[in-house]
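J.:
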Amino acid sequence: MSAVASPQAVGLLTTPPAATAAVRADGVVRRYRNGRGVGPVDLAVGPGETMALMGRNGCGKTTLLRLLATVSRPQRGEVSWFDGPAAPARAHIGLALDGALEDGGLTGRQATYFWCAQWISARDEVRTRTDGLLDRLGLAAAADAAVGSYSFGMRRRLALVAALVHDPLLALLDEPTAGLDPAGCAELAVILAERRERARSTIVASNDPGFVEAVAGQVTFLDEGLVVRCATPQELLDSLPRGRVAELVTHGRCDAAGLRRVAGVVDVAVAGSSAMVRFDGDSTIAALVAAADAPGGRLRELRLRRPDLGDCFRELTGQMLEDGHWSATTPA
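Sequential numbering of the sequence shown, starting at 18, is according to the numbering used here.
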């Protein structure tokens, strides 16, 4: 399950502790033998805040989540939860890591009911929470099927249910949109907004710019285990030059030099047959099409969108957010 502690060891969920921060990291370091890991990192998430961690694969997002969820201990620095130590805080934390929940011997409803009942004593409330969250995350029709028969995406959704069903004060969700269709992503965004209204805090690790813009009050960019910048989504977007973004796919390799020569082009990033071009001015579009159709390449696809958080990350680090950036398109 997505547990971070045995409920019997810490007791049933009690009155939420008053605190200046749901979780705070001060100079936290956790590095592995291959040099990867995270730190030193300083961050704080207050009551009712939602923070997103964004960065390339291997940048330390999951390592940081594990530290903030009490699963791992820092080699240096300190983490505090609700202004206190880990043990009493575990009753108030929900965690869904980037993997599928494994509970093959139970049905989805049984697994969710069992987990929720460890924290909530009133059976009617447990049943209501179980049925309600399974329905909202698209698992109602399969609730009485064995978890072992679920697809990977369904088990990913069940992991989210397990992390959120007891309404923890602090939820940590790794790649929460994996396995969700657009309707599921929209519903999850509503669920996280409702958590904010109840002064619940959430940290999501996601490279989906559209989802992050919708749910996060603060965005923390990580690169090679270090914080590059932490700001609101709007502050990050406002830091970009004016303009729009064209994403092109060609038959054959994109001609980066040819695209850069087009008047009005601000930035070009090429990955094989795909290119991301930031530009200013509508007249630039026709010139981009002509450049993409130059000898050696033929335009196959063109999408226009406004700049997003993936573009902000590239502006700061010179690198792209990999697949998450290309798959999330915000219409221009």
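For glycine and all other residues, C-beta sits at the position ideal for the given N, C-alpha and C. Every value quoted in this text rests on a predicted model; they were computed, and no experiment measured them.
Kindly confirm or deny that the region 158-178 and the region 136-145 touch, where touching means at least three C-beta pairs closer than 8 Å.
T.: With a cut-off of 8 Å, the region 136-145 and the region 158-178 do not count as touching, because too few Cβ pairs lie within range.
J.: Whole angstroms are fine: how far does the CA of LYS78 sit from the CA of LEU84?
T.: Looking at the two C-alpha atoms, the distance is approximately 10 Å.
J.: Could you tell me the distance, in whole angstroms, from the CA atom of ALA307 to the CA atom of MET68?
T.: For ALA307 and MET68, the distance between alpha carbons rounds to 41 Å.
J.: Using only the alpha-carbon positions, how far apart do CYS329 and ILE110 sit?
T.: Rounded to the nearest angstrom, the two C-alpha atoms are 31 Å apart.
J.: Three-state secondary structure (DSSP) at ASP57?
T.: Residue identity check: residue 57 is Pro in the sequence provided, not Asp. Correct three-state label for PRO57: strand.
J.: For my contact list, ALA42 and GLY94 are in at a C-beta cut-off of 8 Å; report their separation, rounded to the angstrom.
T.: With 8 Å as the limit, ALA42 and GLY94 qualify as a contact, their Cβ atoms being about 7 Å apart.
J.: Name, in chain order, the residues that DSSP records as bridge partners for VAL46.
T.: According to DSSP, which records beta bridges pairwise, VAL46 is partnered with ARG93.
J.: Where does ASP277 fall in DSSP's three states?
T.: According to the sequence as given, residue 277 is Arg; it is not Asp. ARG277 falls in the helix class under three-state DSSP.
J.: Assign PRO102 to buried or exposed, taking buried as 16 or more other Cβ atoms, counted over all protein chains shown, within 10 Å of its Cβ.
T.: So PRO102 counts as exposed.
J.: So ALA195 and VAL232 are supposed to be a Cβ contact under 8 Å. How far apart are they, rounded?
T.: Not quite, the Cβ-Cβ distance comes to about 15 Å (not below 8 Å), so this is no contact.
J.: In whole angstroms, what is the alpha-carbon distance linking ARG48 and LEU316?
T.: Roughly 44 Å separates the two Cα atoms.
J.: Take CYS76 and list the residues in its own chain whose beta-carbon comes closer than 7 Å to its own, dropping the five residues that flank it on each side.
T.: Closer than 7 Å at the Cβ level, and outside the excluded window around CYS76, lie LEU239, ASP240, GLU241, GLY242.
J.: Counting only the same chain and skipping the five closest in sequence on each side, list residues whose C-beta sits under 6 Å from that of VAL221.
T.: Same-chain partners within the cutoff: ALA69, LEU190, PRO193.
J.: With a Cβ-Cβ cutoff of 9 Å, do ALA86 and VAL62 count as a contact?
T.: Contact flag unset, no.
J.: Expressed to the nearest angstrom, what Euclidean distance is found between the alpha-carbon atoms of LEU253 and GLY260?
T.: Those two C-alpha atoms are separated by around 15 Å.
J.: Give the single residue among SER97, GLY275, LEU186, ALA203 whose Cα lies nearest to the Cα of ASP225.
T.: Comparing Cα positions, the closest option is ALA203.
J.: So for TRP136, helix, strand or coil by DSSP?
T.: Three-state DSSP puts TRP136 in coil, outside helix and strand.
J.: Does the Cβ-Cβ distance between VAL294 and VAL282 come in under 9 Å?
T.: Yes. Within cutoff.
J.: By the three-class DSSP mapping on this structure, what secondary structure does SER291 have?
T.: Strand at SER291.
J.: Would the region 182-189 count as touching the region 121-133 if we require 3 or more Cβ pairs under 8 Å?
T.: Taking 8 Å as the limit for Cβ pairs, the verdict is that the region 121-133 does touch the region 182-189.
J.: Using the Cβ count rule (16 or more neighbours within 10 Å means buried), how would you classify GLY149?
T.: GLY149 should be labelled exposed.
J.: Taking the straight line between their C-alpha atoms, what separation do you get for LEU154 and GLY227?
T.: If I take the Cα positions, the gap works out to 19 Å.
J.: Mark MET335 as exposed unless 16 or more other C-beta atoms lie within 10 angstroms of its C-beta, in which case mark it buried.
T.: The sequence shown places Gly at residue 335, rather than the Met named in the question. By the 10 Å Cβ count, GLY335 comes out exposed.
J.: Note down the Cα distance separating ALA134 from GLN235, rounded to an integer number of angstroms.
T.: Taking the straight line from one Cα to the other gives about 33 Å.
J.: Cα separation between THR124 and ALA139?
T.: Looking at the two C-alpha atoms, the distance is approximately 21 Å.
J.: Report the residue ranges of all beta strand (DSSP E) runs contained in full by the region 201-240; include only those spanning at least 3 residues, in chain order.
T.: Those beta strand (DSSP E) runs which fall completely within the region 201-240 and span 3+ residues are 218-222, 235-240.
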